Amino acid sequence: MAVSSPSADLSAALVLQPVTALDWLVILPVAWCIGIGAILMMVRHRTGLQPLIAIAALCVLAGIDATLLWHVSQNGPVTMVMGRWLPPFGIAFTVDLTGALFALMAAVVALAGAIAAVTDINDSGRRYGFYPLLMLLMAGVSGAFLTGDIFNLYVWFEVLLISSFGLLVLGSEREQIDGAVKYGFLNLVATTLFLIATGYLYGIFGTLNMADIVVKARELRDAAPLTTLMALLAFAFAMKAAAFPVNFWLPASYHTPRIVVSALFAGLLTKVGIYALIRVSVMLFPVERQELSFVIALAGVLTMITGALGALAQTDTRRLLGYLVISGIGSMLAGIAVGGPGGIGGAVFYALHSMVVMTALYLAAGLAARLGGGFSLSSLAGLYTRHALFSALSLMLFFAVSGLPPFSGFWPKVMLVKSALDTGAWWLAAALLLTGFLTTIATARLFLLAYWRPAGAGAPSGEVALPATLLVPLIALTAVSILIGLFPETLLGLVQKAALTLNEPSRYLNSVFPAGSAP
Amino acid sequence: MEPVFALLTGIFLTIAIYLLLSKSIIRMLLGVAILGNAVNLLIFTSGRIMREVPPVIGPGLDVPAGPVANPLPQALILTAIVISFSFFAFLLVLSWRAYSTLGTDNTDEMRVAEPEDATLPPLGY
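Structure follows, in structure tokens:
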């Protein structure tokens, strides 16, 4: 073979210096999740053992992601190439601050979900494979956040999609089958659109490595239809992120599975779409993003307004929350449309806040149903007298999702409104504020009807204790939201640095192509 | 050759979208199957087409002697085929379950998750 002949220069094809121990962290979250997922699959029938393994594994995952975030914030973006093939030939995993922040928050959310599932998912649900599917979902989500290769991103999208199918139909009730049909077909079309765009991208650039695309796009800008390509990618990711008018799969399906599954989906899935859109539009095609910014802004405004109005019209608390997820996506799109460190930083910050708060809100809806006997606003009443602490936690989360201080939703909204005003897009700022107002009404009405309204005669009443496994994740996520709201400096600094790296990816490029090696 | 392949991809995509817009789940499934093949053809074509030169490096050489076919699109398509096949299989089983549980294969009549007669929430108390 040519490669093994003594005359061959291996450094022309392979990365020869060994990978340092800390750099292994880049691939560890994905490998860890797949490994633990396989182990959980083997102990599928040991339903008592599964949650212990999964919770411990997710604690470790959060630790790995936190160390990775620390490593990246200290030393800049880190790259590892599969099989040591020199990039752009090998599949590269490249982690910058944005990816590391998203991965850490995803691990925290998944950990909260795994703890809540101890009570919420019964033995048959566990035998069905809740925990293995959760770990595989996390493998897909982490892979999507950490990869530096566009086709690899597509593969991780499919990994998380197929795991989400399994979680969605867990229980096989009529509603779930109905929701899963719509979720399945529309999401498959969305990822196929992404694959079509990837095919064109490969046809134009002849490479799939993101750093390589950044370099080549600068030369090809006048020669290739990059705006069309960006529009195709934006359409595919907008569909994954549930942006108006391609978001009808979300209200059709998010209220059907087990409440823990809904909570995990609300925290993880749409945010992967937003992350991919940020990565592609800001880092890969910044000029094209600028050209499409009005379209993205318009989609953002329509998404946030229709989401907030939809939330006002719902009777089912889970569907109400589904529309709030959509409304939040609109705010992130607004940030992407505005661009610059303020807009992109705001979008990233909003996504991180939304991951925590939307998961917590779905968990709260599950607890409310436990206390009040259902999800319908017509029958839910008097929760305040049933459990005061839970009601206080819910109220804080309602404030957080509406963007009121001192909770986590306030700061990203400030960043987004300010950067929109700075670029002269007053209508975008107005839409953001109007959405905040409508969301406040929707959640306040939820609190008024479900918590404050005195329960009718014959309804369950009196104080009840809630299982600790359900209350602890809710308390923890609310605490995260409050901490971010009270001490935003650390996270603000990180997201602004992340946005700067995305806008000016020279350090990202240096990490993939160390000085001297030509792409 | 490329224009012919491009045209074929276009025809495949047209048929797939037409079928996906249908209300009947079986037609939608056929649409999904054709959509997957359309995308495979698209990737194959965008990797540029060349006849009869397999991408094999001869003995004693570091690089191929002349121009060869591009092997990467084939790897991409192989991945895409595996994924689209597994999705098609899942959706097929799901559709069968939907038909046997919900008693219809018409998506307009699948309103269990989103009932048509959903009431408005109470406006006050």
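Note that the protein sequences, when read in sequence, are chains C and Z. Basically the numbering used here = 1-based index in the first sequence + 220. Basically the numbering used here = 1-based index in the second sequence + 93. Where is the CB? At the ideal position from N, CA and C, for every residue including glycine. Quantities reported herein were computed from a predicted structural model and do not represent experimental measurements.
Rounded C-alpha distance that separates residue i from residue j
| i | j | result |
| --- | --- | --- |
| C:A276 | Z:E95 | 53 Å |
| C:A337 | C:V521 | 35 Å |
| Z:L101 | Z:V125 | 17 Å |
| C:V280 | C:T526 | 39 Å |
| C:I416 | Z:A173 | 11 Å |
| C:M221 | C:L234 | Caution applies to C:M221, whose pLDDT of 43 falls short of 50 and renders its modelled position unreliable; the value that the coordinates give is listed next. When rounded, the distance between both Cα atoms is 16 Å. |
| C:L306 | C:K402 | 42 Å |
| C:R266 | C:V684 | 31 Å |
| Z:L113 | C:W672 | 46 Å |
| C:L463 | Z:L187 | A quick correction: the sequence has Ala, not Leu, at residue 463 of chain C. Going by the C-alpha atoms only, they are around 26 Å apart. |
| Z:D210 | Z:R204 | 10 Å |
| C:L764 | C:P626 | Here chain C comprises residues numbered 221 to 739, so residue 764 of chain C is not present and cannot be evaluated. |
| C:L408 | Z:T200 | 16 Å |
| Z:L128 | C:T412 | 8 Å |
| Z:P148 | C:F514 | 45 Å |
| C:R606 | C:T448 | 56 Å |
| C:L654 | C:S614 | 22 Å |
| C:N372 | C:G360 | 10 Å |
| C:V239 | C:G268 | 39 Å |
| C:L541 | C:I311 | 38 Å |
| C:G656 | C:N467 | 20 Å |
| Z:S179 | Z:L123 | 14 Å |
| C:P708 | C:V634 | 12 Å |
| C:G296 | C:A241 | 16 Å |
| C:V223 | C:L729 | Unreliable positioning characterises C:V223 in this predicted model, as indicated by a pLDDT of 49, which lies under 50. The coordinate reading is nonetheless provided below. Between C:V223 and C:L729, the C-alpha separation is close to 28 Å. |
| C:A286 | C:S551 | 26 Å |
| C:N429 | Z:P208 | 46 Å |
| C:A486 | C:G623 | 18 Å |
Chain-order list of residues whose beta-carbon lies under 8 Å from that of residue i (same chain, five-residue window excluded)
| i | result |
| --- | --- |
| Z:F98 | L134, F137, T138, I142 |
| C:W646 | A640 |
| C:L446 | I424, A437, L440, F505, V507, E508 |
| Z:V132 | A173, S177 |
| C:L648 | A517, G520, V521, A554, A557, V558, A640 |
| Z:N163 | G140, R141, M143, P148 |
| Z:G159 | V146 |
| C:A584 | F610, L613, S614, L617, L694 |
| Z:D198 | S117, I118, I119, S188, A191, Y192 |
Sequence-distant residues of its chain with Cβ nearer than 7 Å to residue i (five each side left out)
| i | result |
| --- | --- |
| C:V577 | L617, A620, V621, S628, G629, S701 |
| C:I516 | A454, L553, I556, A557 |
| C:I661 | L532 |
| C:Q270 | L260, V263, R346, Y351 |
| Z:I104 | none |
| C:K638 | G562 |
| Z:L195 | M203, V205 |
| C:L697 | A332, V576, T579, A580 |
| C:G303 | G310 |
| C:A456 | A410, L413, F414, A417 |
Inter-residue CB distance, residue i and residue j (contact presumed, cutoff 8 Å)
| i | j | result |
| --- | --- | --- |
| C:G566 | C:L636 | 4 Å |
| C:S383 | C:L356 | 4 Å |
| C:I494 | C:A571 | 5 Å |
| C:G333 | C:A483 | 6 Å |
| Z:F183 | C:F385 | 6 Å |
| C:I256 | C:I273 | 7 Å |
| C:V298 | C:H291 | 7 Å |
Same chain only: Cβ atoms within 6 Å of residue i, ignoring 5 sequence neighbours per side
| i | result |
| --- | --- |
| C:F595 | D536, T537, R538, A589 |
| C:T339 | P687, T689, L690 |
| C:M358 | C253, A330 |
| C:M503 | L722, P725 |
| Z:L106 | A131 |
| C:M325 | L572, M575 |
| C:Y543 | G527, G530, A531 |
| C:K460 | A410, G493 |
Discussion item. With a threshold of 8 Å, are at least 3 pairs of Cβ atoms found where one atom belongs to the segment 356-376 of chain C and the other to the segment 242-260 of chain C?
Written reply: Per the Cβ contact rule, the segment 356-376 of chain C is in contact with the segment 242-260 of chain C (3 or more Cβ pairs under 8 Å).
Discussion item. Tell me which residues of the segment 167-186 of chain Z have at least one Cβ-Cβ distance to chain C shorter than 8 Å, keeping chain order.
Written reply: Sequence-ordered contacts of the segment 167-186 of chain Z with chain C read L169, T172, A173, I176, S177, S179, F180, F183, L184 [C-beta pairs closer than 8 Å].
Worksheet item: Taking Cβ-Cβ distances below 9 Å as the criterion, which residues of the segment 414-428 of chain C are in contact with chain Z?
Response: So the list reads L415, I416, T418, G419, Y420, L421, Y422, G423, I424, G426, L428, given in the order they occur along the chain.
Worksheet entry | Under 9 Å (Cβ pairs) to chain C, residues found in the segment 139-150 of chain Z | Per Cβ criterion, the list reads S139, G140, R141, I150.
Fill in: Selection of the segment 523-549 of chain C by Cβ proximity to chain Z, strictly under 9 Å
Near chain Z, meaning a CB-to-CB distance below 9 Å, the residues of the segment 523-549 of chain C are L532, A533, Q534, T535, D536, R539, L540.
Worksheet item: When the Cβ atoms of the segment 313-321 of chain C are set against those of the segment 718-726 of chain C, are three or more pairs found closer than 8 Å?
Response: Counting C-beta pairs closer than 8 Å gives three or more between the segment 313-321 of chain C and the segment 718-726 of chain C, which meets the contact rule.
Worksheet item: If you measure beta-carbon to beta-carbon, which residues of the segment 397-410 of chain C are closer than 9 Å to chain Z?
Response: For chain Z, the residues of the segment 397-410 of chain C that bring a beta carbon within less than 9 Å of one of its beta carbons are I397, D398, G399, A400, V401, K402, G404, F405, L408, V409, in chain order.
Discussion item. Any C-beta of chain Z within less than 7 Å: which residues of the segment 663-696 of chain C qualify?
Written reply: From the segment 663-696 of chain C, only L669, R673 have a Cβ closer than 7 Å to chain Z.
Worksheet entry | Chain-ordered residues of the segment 465-498 of chain C with a beta carbon less than 8 Å from chain Z | For the segment 465-498 of chain C, which is checked against every Cβ of chain Z, the residues closer than 8 Å are P471, A472, S473, H475, T476.
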